[in-house]
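2 protein chains.
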Amino acid sequence: MSLKFVYLLGVVSIRHPIQVVSRITGLSQHVIRVWEKRYRAVVPGRTGTNRRLYTDEDVERLSLLTRATGAGHKISIIARLGVEDLRQLVATVSRGEPVRDGGLTDAGGRRDVLEADREPARSKKEGFIRRGGAAGVPAGVGGGTEAAGDSELVEEAVLATTRFDGETLMRVLEAAVIRFGHNGMLHRVVCPLARETGERWQRGQITAAHEHFASGIIRDFLARTARPFSLGEVAPCAVVTTPAGQLHELGAVIVAAAAGNLGWRVIYLGASLPAAEIAGAVRHNRARALLLSIVYPSDDPRLPEELVMLRRLMPQDSAVLVGGRAAAGYSQALRQIGAVQPGNLVELCDLLEQMRFPRVEG
Amino acid sequence: MSLKFVYLLGVVSIRHPIQVVSRITGLSQHVIRVWEKRYRAVVPGRTGTNRRLYTDEDVERLSLLTRATGAGHKISIIARLGVEDLRQLVATVSRGEPVRDGGLTDAGGRRDVLEADREPARSKKEGFIRRGGAAGVPAGVGGGTEAAGDSELVEEAVLATTRFDGETLMRVLEAAVIRFGHNGMLHRVVCPLARETGERWQRGQITAAHEHFASGIIRDFLARTARPFSLGEVAPCAVVTTPAGQLHELGAVIVAAAAGNLGWRVIYLGASLPAAEIAGAVRHNRARALLLSIVYPSDDPRLPEELVMLRRLMPQDSAVLVGGRAAAGYSQALRQIGAVQPGNLVELCDLLEQMRFPRVEG
DNA sequence: TGGAGATTGTCAATTACTTGTCTAAAAAGA
DNA sequence: TCTTTTTAGACAAGTAATTGACAATCTCCA
Chain V
0 MSLKFVYLLG VVSIRHPIQV VSRITGLSQH VIRVWEKRYR AVVPGRTGTN RRLYTDEDVE
60 RLSLLTRATG AGHKISIIAR LGVEDLRQLV ATVSRGEPVR DGGLTDAGGR RDVLEADREP
120 ARSKKEGFIR RGGAAGVPAG VGGGTEAAGD SELVEEAVLA TTRFDGETLM RVLEAAVIRF
180 GHNGMLHRVV CPLARETGER WQRGQITAAH EHFASGIIRD FLARTARPFS LGEVAPCAVV
240 TTPAGQLHEL GAVIVAAAAG NLGWRVIYLG ASLPAAEIAG AVRHNRARAL LLSIVYPSDD
300 PRLPEELVML RRLMPQDSAV LVGGRAAAGY SQALRQIGAV QPGNLVELCD LLEQMRFPRV
360 EG
Chain L
0 MSLKFVYLLG VVSIRHPIQV VSRITGLSQH VIRVWEKRYR AVVPGRTGTN RRLYTDEDVE
60 RLSLLTRATG AGHKISIIAR LGVEDLRQLV ATVSRGEPVR DGGLTDAGGR RDVLEADREP
120 ARSKKEGFIR RGGAAGVPAG VGGGTEAAGD SELVEEAVLA TTRFDGETLM RVLEAAVIRF
180 GHNGMLHRVV CPLARETGER WQRGQITAAH EHFASGIIRD FLARTARPFS LGEVAPCAVV
240 TTPAGQLHEL GAVIVAAAAG NLGWRVIYLG ASLPAAEIAG AVRHNRARAL LLSIVYPSDD
300 PRLPEELVML RRLMPQDSAV LVGGRAAAGY SQALRQIGAV QPGNLVELCD LLEQMRFPRV
360 EG
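So the sequence lines, in the order shown, correspond to chains V and L.
For reference, each letter of the first sequence is one residue, going 0 to 361 in numbering that gives the first Met the number 0.
For reference, each letter of the second sequence is one residue, going 0 to 361 in numbering that gives the first Met the number 0.
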């Protein structure tokens with residue numbers, strides 16, 4: 000808390016050498032230095048022996064500048080803007096609105112070079128978001144209102160969960176697969192089960208242990224029934240986890256399975272990872288999407304900071320998709336970081352489907 | 000060795016010779032001394048004859064410094080920071096991402112060289128005394144030689160983990176099952192893998208995300224290969240989890256699998272559950288044993304209270320077994336609550352085997 | 001449409017600083 | 001005696017700063 004707070008105020012004792020800054024921002028040391036020399040984008044302090052030392056605010060500025068230039072802004076023009084202005088700029092851009100100073104989404108050659116050596120896609124993100132928002136819900140697969148679910152099976156599953164009866168729970172899942180198929184099981188049984196357990200837990204009818212238990216069983220079941228992976232290297236990569244403090248794993252399990260079904264290469268990281276860790280994994284895997292599940296608590300004061308930090312540390316061209324019942328509690332932060340918030344699993348799948356095939360826009 | 004021994008006696012202020020510190024931190028003795036001489040990173044006490052003696056805090060500092068330097072920070076700059084600052088630093092700057100030659104020409108490849116260069120040097124010099132030191136108790140009870148491990152497979156598994164390469168990791172596990180059988184795989188590959196990842200994590204060579212990732216893959220694998228359960232109701236029940244604040248799941252996964260192999264009905268509850276929740280699950284399932292894994296941190300001030308609370312809430316006739324590299328850090332509390340602390344997986348299995356058939360004593 | 005000039009990321013070379021490693025000799029321990 | 005530790009000094013490789021140049025675009029204008 001004080002950590003992040005302090006960071007936001009820029010009052011920090013610890014300063015970073017250029018190597019660290021380079022790793023965090025993804026900029027080469029060359030660029031960092033040249034931005035300083037030509038545009039005074041940042042003016043780091045120095046050690047006694049003339050080594051640069053960057054404050055956290057410097058890092059933030061550079062990150063924002065990276066994102067803004069990626070969106071087509073010219074570094075020479077925005078280099079001197081304040082952090083606040085930059086934030087606004089980036090927020091505007093990630094909402095899909097056109098960049099004001101001419102340099103339209105496709106800023107042209109420089110970007111191509113940049114992308115070619117950085118990663119396949121950047122501008123895509125905005126595209127997805129726009130599309131996702133517009134397309135919205137394509138009406139549930141099975142007809143009913145967003146996967147009505149099979150109440151009988153769900154009820155049995157809930158019951159099994161409350162009794163720590165893994166065997167029965169698995170049997171129910173098996174039955175669900177037979178009846179609805181692998182995907183249908185997720186949408187019509189597991190998802191409602193998650194919601195139901197969540198509600199019961201909130202009412203104090205069951206404990207977190209039950210939720211953990213169900214997560215485990217469902218994971219095991221999914222692992223057992225999922226197709227053994229043999230995805231081409233082309234498969235886009237998605238990292239699935241929950242941010243620090245979010246201990247409930249079930250949502251993430253579901254999302255991971257759904258993404259796997261849709262042909263994504265899923266890196267599943269379990270629950271409660273700090274921002275830096277998540278960002279590292281995303282970066283390492285060049286993941287096109289980060290899928291977060293936020294279920295409880297819905298008012299963790301640290302989480303917004305954590306999310307901001309996450310966005311700052313992540314590669315700019317990776318999208319963030321956030322689901323879960325408590326996501327709404329952080330919508331301000333989520334909007335700030337340009338996260339997409341699908342309203343339910345169907346929407347999420349829709350988005351994932353769209354993101355599967357990056358189109359080169361014209 | 001002396002470490003564990005002394006811990007058992009409850010003496011808190013033991014101090015370690017440099018060799019031990021070197022083994023724990025993964026730093027060479029040279030580096031430890033040079034960090035002291037040049038930067039005063041630590042200032043160990045001395046014996047009457049001028050030998051260095053390091054406190055636990057020194058060790059902690061050195062570990063953190065290792066991680067921070069791994070993240071790109073300059074030792075000369077961070078050497079004097081306090082433990083808290085270092086923790087923050089390490090948490091902020093994750094080093095999970097690869098350094099791509101794309102953007103970071105200055106930094107590119109360097110790290111690989113650094114590691115490739117650092118690794119063999121260390122093992123050559125400090126050798127693999129580790130086994131003697133870390134294992135401490137030979138424990139040869141369970142038949143095998145305390146799981147010597149198949150270094151080749153383990154190495155491949157570690158490599159796959161550092162690369163988030165789930166497919167390869169699974170292949171390795173498969174090979175291990177074929178070669179050693181299901182149980183042998185646990186003892187000879189997964190367990191060493193857990194230890195190795197733990198050590199690398201402490202050295203900052205990998206991130207917590209890697210550990211989470213490996214846990215997930217291993218879970219999935221175990222779920223897939225474990226016998227589908229059809230245990231009679233007679234099977235004794237064991238609850239497996241980690242106490243609140245302990246986010247690392249791998250140890251619990253291993254233990255759960257081991258217990259399952261031995262014919263226990265395992266209720267697996269994942270990581271980081273509050274005492275009340277755990278106790279509730281134990282009570283609800285009339286579990287004969289509660290298996291806890293404690294890996295990190297080893298100095299959570301809340302954990303002892305949590306453990307005491309746990310014992311108070313639990314049924315009296317349920318045993319508590321605690322394993323994990325950080326268990327020693329809480330040995331006082333553990334003794335207080337009458338927990339059993341098997342030194343390694345073999346011992347644990349031994350105990351579980353004994354507990355399978357309760358004697359009704361007269 | 002074509003071209004001049006500005007913009008911007010990249011690179012090489014040089015210099016200087018940083019840091020891990022190593023050797024050798026003496027002391028201590030076992 | 002054989003190993004381990006300590007100290008001091010030397011060294012090589014890694015890392016960073018600076019300068020100047022370069023190539024690929026982008027912008028603007030004729």
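Just so you know, even glycine gets a beta-carbon here, dropped at the ideal spot from N, CA and C.
A buried status is given to Ala338 (chain L), since no fewer than 16 other beta-carbon atoms sit within 10 Å of its beta-carbon. For Asn284 (chain L), the chain V residues whose C-beta falls within less than 7 Å of its own C-beta are Phe163, listed in chain order.
At a Cβ-Cβ threshold of 8 Å, Ser271 (chain V) and Ala288 (chain V) do not count as neighbours. Under the DSSP assignment, Tyr38 (chain L) falls in the alpha helix (DSSP H) whose first and last residues are 28 to 38. DSSP places Thr240 (chain L) inside the beta strand (DSSP E), whose first and last residues are 236 to 240. Secondary structure in the stretch 177 to 230 of chain L: the alpha helix (DSSP H) runs of 4 residues or longer, each lying completely within the stretch, are 190 to 201, 207 to 224 in chain order.
Listed in chain order, the non-local C-beta contacts of Ala275 (chain L) below 7 Å within the same chain comprise Leu312, local neighbours out to five positions each way being set aside. Using a Cβ distance threshold of 8 Å, Leu249 (chain L) and Ala193 (chain L) count as a contacting pair. For the pair Leu347 (chain V) and Val265 (chain V), the CB atoms are not nearer than the 8 Å cut-off.
Contact annotation: in the stretch 188 to 201 of chain L, no residue has its CB less than 8 Å from a CB in chain V.
Taken through DSSP and simplified to helix, strand or coil, Ile13 (chain L) comes out as coil.
The residue from L:Ala175, L:His247, L:Glu155 with its alpha-carbon nearest to that of Leu221 (chain L) is L:Ala175. Assigned with DSSP and collapsed to three states, Arg170 (chain L) falls in helix. With a threshold of 8 Å between beta carbons, Pro242 (chain V) makes no contact with chain L. Selection L:Arg50, L:Leu88, L:Glu56, L:Asp55 evaluated against Thr68 (chain L) yields L:Leu88 as nearest (Cα-Cα). In the DSSP assignment, the residues bridged to Val339 (chain V) are V:Leu320.
Arg202 (chain L) is positioned such that its CB atom lies no closer than 8 Å to that of Arg22 (chain L).
Under the rule that a run must span 4 or more residues, the alpha helix (DSSP H) segments found entirely inside the stretch 254 to 336 of chain L read 274 to 284, 301 to 312, 330 to 335.
Here Leu246 (chain V) carries a coil assignment [DSSP, helix/strand/coil]. With respect to chain L, the C-beta atom of Ser62 (chain V) has no partner C-beta closer than 8 Å. Gly44 (chain L) has L:Leu52 as its beta-bridge partners, per DSSP.
By the Cβ-count criterion, Asp219 (chain L) is buried, with 16 or more other Cβ atoms from all chains shown falling within 10 Å of its own Cβ.
Shown in chain order are the members of the stretch 245 to 276 of chain V whose Cβ falls below 8 Å from a Cβ of chain L: Leu246, Glu248, Ile266, Tyr267, Leu268, Gly269, Ala270, Ser271, Leu272, Pro273, Ala275, Glu276.
In the structure shown, Leu80 (chain L) adopts coil according to DSSP, grouped into three states. Less than 8 Å divides the Cβ of Val188 (chain V) from the Cβ of Val153 (chain V). Residues are counted here when their Cβ sits less than 7 Å from a Cβ of chain V; for the stretch 207 to 228 of chain L these are Ala207, Ala208, His211, Phe212, Ser214, Gly215, Arg218, Asp219, Ala222, Arg223, Phe228, given in chain order. Rounded to the nearest angstrom, the gap between the Cα atoms of Ile205 (chain L) and Val41 (chain L) is 24 Å. With respect to the C-alpha of Tyr267 (chain L), the residue from L:Gln245, L:Leu291, L:Leu261 having the closest C-alpha is L:Leu291.
With respect to Leu85 (chain V), Ile76 (chain V) sits apart: the two C-beta atoms are not nearer than 8 Å. If you ignore the 5 residues before and after Glu352 (chain L), its C-beta comes within less than 8 Å of the C-beta of Leu261, all in its own chain and listed in chain order.
The Cβ atoms of Val321 (chain L) and Ile293 (chain L) lie closer than 8 Å to each other.
Just so you know, the alpha carbons of Leu26 (chain V) and Tyr53 (chain V) end up roughly 14 Å apart.
Within chain V, the residues whose beta carbon sits less than 7 Å from that of Leu88 (chain L) are Ile13, listed in sequence order. Proximity to His72 (chain L) across V:Arg310, V:Pro16, V:Gly197 peaks at V:Pro16, based on C-alpha coordinates. By the neighbour-count definition (other C-beta atoms within 10 Å, threshold 16), Glu35 (chain V) is a buried residue. Boundaries of the alpha helix (DSSP H) harbouring Val153 (chain L): 150 to 161, taken from the DSSP string.
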